[in-house]
Every structure is written in C-alpha cells, then in structure tokens.
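> The numbering used here puts the first residue of the sequence shown at 83, with every later residue one more than the last.
Built from N, CA and C at the ideal position, the CB exists for glycine as well.
These figures come from a predicted structure and were not determined experimentally.
My questions will all concern the structure given below.
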Amino acid sequence: ARASYLGEGGSFAERCLGLWVPASAEALAPLRGGSKRAEVPVIVGVPSERPGWPAALAASLTEQLARQLAPTIDVRHMDTVASGHAAGLRALERGWRRVRDGETDWTLVGGADSYIHHESLEWFDEQGMVHSGCSTGGFGPGEGAGFCLLGSRRALERWSVTPLAEVVSVAVAHEMERSSVQGVCTGR
C-alpha cells in the first residue's frame, strides 16, 4: 500500500527520501537530546537497479539523508547495499559485524523501497510479478522503510540506552532463481 503520509504526488526520489527520513529519525531517538553527538555510520539497503531505480539514485539519496540526519548524529560513513529484497537484512548483517568487531560503537541500518512509480510498476507487470488476474502469485505494490540503531554494550552504557533487543547472529542467503520463475525458490 502507498504510505499515506507522503500524499499521492512527488517524484520517486522524493518518495524514497520521505520514507527514509522518518524511519531513520525514529531509530535514532535514543541518541537525541544529549549534550554530545554520536558518530554513527549509516548503511542503507536499496533496491537492485531496475527501471525507475537507476544505480546513481542511491548515492544522491544517501547524501540527502546524511544532510537530514546531521543535526542528530555525526555521519562520517554512509554506505549502501543494493541486494533486492534482502538489502535491508544485508545492511543489518554488515552493520552488526562492524559493531561486533569493534569497528564502531553505533551503526544505523535500514532499508526502503517504493513500487509506487510508473516505470517500476510497468516493468514488474511485464515480468508477471504484480498481482493480477493473469498473475495470482504476484505481489501487491507498496512502499515502506525500516531502520534500526545497533550499539555496542559499551555505547549503550555510556549513553544510558536500554536496548530493545540483542542481535545474536545474522545470516542471509542468495536465491539463484528469480521469484517469477515456475518452480520452487530454495535460497541457494
């Protein structure tokens, strides 16, 4: 479904940024209001290149996101992971490893996508991937974003942040077959 808070208009880039900003701001809430700004690398899962989503768009959007986040955190490193539907989890995996290995105390990870764009919708429809009378196994187009702030135990204690969960392990597999093929997708 369409994110109603974004309205019906706006370019594809504006819609994506409109999804990223409130989700990332909510995830960063524990770091707001302190006397210091935390250095927080940001890793964003983005769609793989497709009609309506050129690869260069990710760089432009992440620059804009970094400017939006600057009042709250010190964004020294911004990275994207283009990996289709698994991009958000791949971002989580990369961020979790950085915190676990002591490279950073904090990492903001997330992902977002919007299928509410005519070029993408037409392409998905041509691939038989949009739910319709001809493709009952297809998906219903929508859009959304999700972000999560990962922190080391040391950082949580220093900032007096109570964690909502602990990430123990992250694993992501790659499906060799596209989801629109006939047959079973096994994650190999």
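Please return the same chain residues whose Cβ sits closer than 6 Å to the Cβ of Ala164, not counting the five positions on each side in sequence.
Once the five neighbours on either side are set aside, the close Cβ partners of Ala164 are Val128 and Ser130.
> In three-state DSSP terms, what is Thr144?
Residue state, collapsed to three classes: helix.
> Which word fits Phe221, buried or exposed, when buried means at least 16 other C-beta atoms lie within 10 angstroms of its C-beta?
Its Cβ having fewer than 16 others within 10 Å, Phe221 is exposed.
> Is the segment 197 to 204 close to the segment 154 to 163, with three or more CB pairs under 8 Å?
The answer is no - the segment 154 to 163 does not touch the segment 197 to 204, with fewer than three Cβ pairs under 8 Å.
> Are the CB atoms of Leu143 and Leu99 nearer to each other than 8 Å?
Contact: yes.
> If the criterion is Cβ atoms closer than 8 Å, does the pair Val191 and Cys216 meet it?
For Val191 and Cys216, no; Cβs fall outside 8 Å.
> Taking a contact to mean a Cβ-Cβ separation below 8 Å, would you say Leu101 touches Thr154 in this structure?
Taking 8 Å as the Cβ cut-off, Leu101 and Thr154 do not qualify as a contacting pair.
> Taking the alpha-carbon positions, what's the Gln146 to Val103 distance?
Their backbone Cα atoms lie some 9 Å apart in a straight line.
> Tell me, which residues are paired with Cys230 by DSSP?
Val191, per the DSSP bridge assignment.
> For a minimum of 3 consecutive residues, which ranges assigned as the beta strand (DSSP E) are wholly contained in the segment 115 to 143?
Counting only runs of 3 or more, we get 124 to 128.
> Taking the continuous alpha helix (DSSP H) assigned at Val163, which residues delimit it?
Counting along the chain, Val163 falls outside any alpha helix (DSSP H), though it belongs to the beta strand (DSSP E) covering Met160 to Ala164.
> Applying the criterion that 16 or more other CB atoms from any shown protein chain within 10 Å of the CB defines a buried residue, is Pro123 buried or exposed?
Pro123 is buried by the Cβ-count criterion.
> Which same chain residues, not among the five before or five after Phe94, have their C-beta less than 7 Å away from its C-beta?
So the list reads Gly134, Ser196 and His199, once near-sequence residues are dropped.
> Tell me where the alpha helix (DSSP H) around Ala98 begins and ends.
As written in the sequence, residue 98 is Cys, which differs from the Ala given in the question. Counting along the chain, the alpha helix (DSSP H) containing Cys98 begins and ends at Phe94 to Ala109.
> Thinking C-beta only, is Val252 closer than 8 Å to Leu174?
A contact, by the Cβ cut-off of 8 Å.
> Give the straight-line distance between the Cα atoms of Arg97 and Ser106, rounded to the nearest whole angstrom.
For Arg97 and Ser106, the distance between alpha carbons rounds to 14 Å.
> Determine the closest residue to Glu248 out of His256, Ser234 and His159, with distance taken between C-alpha atoms.
Nearest option by C-alpha distance: Ser234.
> Mind checking which residues open and close the alpha helix (DSSP H) that includes Gly210?
Run containing Gly210: none; DSSP gives neither H nor E here.
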